[in-house]
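Down below is the structure, laid out as structure tokens.
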């Protein structure tokens with residue numbers, strides 16, 4: 002059974018969401034889903050870019066004005 | 682419920698079991714955008730009438746610059762930080778490209794004044810370089826990564842309504858004021874001791890532009906190679 006982790010990065014400035022996501026993903030199994038909640042426009046760019054670069058499945062949803070959820074499915 | 686289930690699955694097909702928040706209906710932002718545009722143009726016209734054309738031009742350029750900065754997610758901080766942090770150099774390359782464009786543009790402006798025998802504009806920005814430049818930029822680099830943005834990035838994100846960076850902006854102003862107040866001492870004791878180099882004086886106009894573009898091109902290639910190497914070894 003794959004699990005789902007929500008990561009609250011609201012109010013965190015740029016490199017912090019990325020590092021948090023990196024750390025959280027490390028402790029997860031293949032097939033697990035990480036939902037990273039962010040509201041910093043810069044993290045909106047580098048978190049998905051990094052995760053795609055790593056080969057994971059990535060989706061971005063704008064939940065509210067200026068608030069996003071980056072959904073990362075761990076692939077490897 | 683059926684509608685929401687579909688929305689949860691999305692186009693990419695990542696399955697999510699939970700949906701903690703119900704989605705708020707997003708407001709259409711286009712009317713607000715048009716209002717902002719009308720406001721910016723109106724202020725520009727008023728400035729041109731009352732203060733002068735130059736100030737109106739600064740206003741329009743500043744507004745456009747901010748808009749482009751926000752939409753493009755252009756970030757000088759990330760351009761310096763991400764190569765180390767994630768191995769991504771897309772912003773590094775964007776900044777280098779911007780440097781290349783401005784190199785040509787500024788060389789044209791300066792050379793244009795030079796061949797007409799006019800004083801070359803912007804020469805007061807040719808300031809001495811020394812170890813102080815290196816130490817200062819290193820400190821600025823640490824500061825901007827912690828603050829989450831350089832000067833333009835901080836201003837842009839304050840405009841987006843990001844709370845933490847309003848704090849950054851406040852202390853940015855405090856620091857700038859302190860720096861300005863003590864600048865005379867630093868200038869006298871550290872800055873003026875370095876050599877003042879204007880590249881066209883040393884290499885000629887063509888030589889200076891070619892040398893600078895070549896340097897930027899080499900950095901671009903290095904950034905490209907760095908990203909490829911990082912992504913091929915990123916199995917951690």
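Chains as they are written, first to last, in the numbering used here: chain A, 2 to 77; chain B, 682 to 917. Don't be surprised by glycine CBs; every beta carbon is placed ideally from N, CA and C.
Hey, how far is the Cα of residue i from the Cα of residue j?
i                      : j                      : result
residue 862 of chain B : residue 856 of chain B : 10 angstroms
residue 731 of chain B : residue 746 of chain B : 23 angstroms
residue 34 of chain A  : residue 869 of chain B : 58 angstroms
residue 784 of chain B : residue 880 of chain B : 12 angstroms
residue 724 of chain B : residue 25 of chain A  : 48 angstroms
residue 56 of chain A  : residue 771 of chain B : 17 angstroms
residue 733 of chain B : residue 718 of chain B : 20 angstroms
residue 751 of chain B : residue 47 of chain A  : 14 angstroms
residue 874 of chain B : residue 809 of chain B : 7 angstroms
residue 776 of chain B : residue 760 of chain B : 7 angstroms
residue 793 of chain B : residue 779 of chain B : 21 angstroms
residue 65 of chain A  : residue 16 of chain A  : 21 angstroms
residue 712 of chain B : residue 756 of chain B : 28 angstroms
residue 692 of chain B : residue 58 of chain A  : Its pLDDT being 45, under 50, residue 692 of chain B is placed unreliably by the model, and nothing is read from it.
residue 801 of chain B : residue 786 of chain B : 14 angstroms
residue 61 of chain A  : residue 54 of chain A  : 15 angstroms
residue 682 of chain B : residue 63 of chain A  : Caution is warranted here: a pLDDT of 36 is assigned to residue 682 of chain B, below 50, making its placement in the model unreliable, and no coordinate value can be reported.
residue 728 of chain B : residue 748 of chain B : 20 angstroms
residue 684 of chain B : residue 8 of chain A   : Any reading at residue 684 of chain B must be qualified, since the residue scores a pLDDT of 41, below 50, and its modelled position is unreliable; the value itself is stated next. Computed Cα separation, rounded: 25 angstroms.
residue 821 of chain B : residue 710 of chain B : 36 angstroms
residue 738 of chain B : residue 867 of chain B : 34 angstroms
residue 735 of chain B : residue 901 of chain B : 35 angstroms
residue 885 of chain B : residue 816 of chain B : 29 angstroms
residue 740 of chain B : residue 5 of chain A   : 48 angstroms
residue 3 of chain A   : residue 726 of chain B : 59 angstroms
residue 708 of chain B : residue 715 of chain B : 14 angstroms
residue 45 of chain A  : residue 834 of chain B : 14 angstroms
residue 823 of chain B : residue 764 of chain B : 15 angstroms
residue 906 of chain B : residue 720 of chain B : 45 angstroms
residue 791 of chain B : residue 910 of chain B : 39 angstroms
residue 27 of chain A  : residue 49 of chain A  : 16 angstroms
For residue i, does the three-state DSSP call read helix, strand or coil?
i                      : result
residue 8 of chain A   : strand
residue 685 of chain B : Interpretation of residue 685 of chain B is limited by its pLDDT of 40, a score under 50 that renders its predicted location unreliable; the figure taken from the coordinates is listed afterwards. In the structure shown, residue 685 of chain B sits in a helix (DSSP, three-state: H, G or I).
residue 809 of chain B : coil
residue 863 of chain B : helix
residue 876 of chain B : coil
residue 917 of chain B : At residue 917 of chain B, the pLDDT of 45 sits below 50, so the modelled position is not reliable and the matter cannot be decided from this model.
residue 741 of chain B : helix
residue 882 of chain B : helix
residue 709 of chain B : coil
residue 905 of chain B : helix
residue 43 of chain A  : helix
residue 846 of chain B : helix
residue 692 of chain B : For residue 692 of chain B, the predicted model reports a pLDDT of 45, less than 50, meaning its position is unreliable; a value from the coordinates is still stated below. DSSP places residue 692 of chain B in coil when its eight states are reduced to three.
residue 53 of chain A  : helix
residue 13 of chain A  : coil
residue 720 of chain B : helix
residue 733 of chain B : coil
residue 838 of chain B : helix
residue 752 of chain B : helix
residue 851 of chain B : helix
residue 746 of chain B : helix
residue 888 of chain B : helix
residue 830 of chain B : coil
residue 714 of chain B : helix
residue 28 of chain A  : coil
Spell out the partners DSSP gives residue i in its beta bridges.
i                     : result
residue 61 of chain A : A:71
residue 35 of chain A : A:6, A:73
Residue j and residue i - do their beta-carbons sit closer together than 8 angstroms?
i                      : j                      : result
residue 30 of chain A  : residue 77 of chain A  : no
residue 51 of chain A  : residue 767 of chain B : yes
residue 680 of chain B : residue 883 of chain B : Since the first and last residues shown for chain B are 682 and 917, residue 680 of chain B lies out of range.
residue 877 of chain B : residue 807 of chain B : yes
residue 753 of chain B : residue 908 of chain B : no
residue 850 of chain B : residue 836 of chain B : yes
residue 826 of chain B : residue 773 of chain B : no
residue 12 of chain A  : residue 841 of chain B : no
residue 18 of chain A  : residue 36 of chain A  : no
residue 871 of chain B : residue 818 of chain B : no
residue 958 of chain B : residue 781 of chain B : Outside the displayed range of chain B (682 to 917) lies residue 958 of chain B, so it cannot be described from this structure.
residue 864 of chain B : residue 832 of chain B : no
residue 829 of chain B : residue 847 of chain B : no
residue 73 of chain A  : residue 22 of chain A  : yes
residue 41 of chain A  : residue 795 of chain B : no
Under 8 angstroms between C-beta atoms, does residue i make it to chain E?
i                     : result
residue 14 of chain A : Structure shown: chain E not included; protein chains present are A and B.
* What are the complete alpha helix (DSSP H) segments, minimum 4 residues, inside the stretch 756-825 of chain B? -> 757-766, 771-796, all fully within the stretch 756-825 of chain B.
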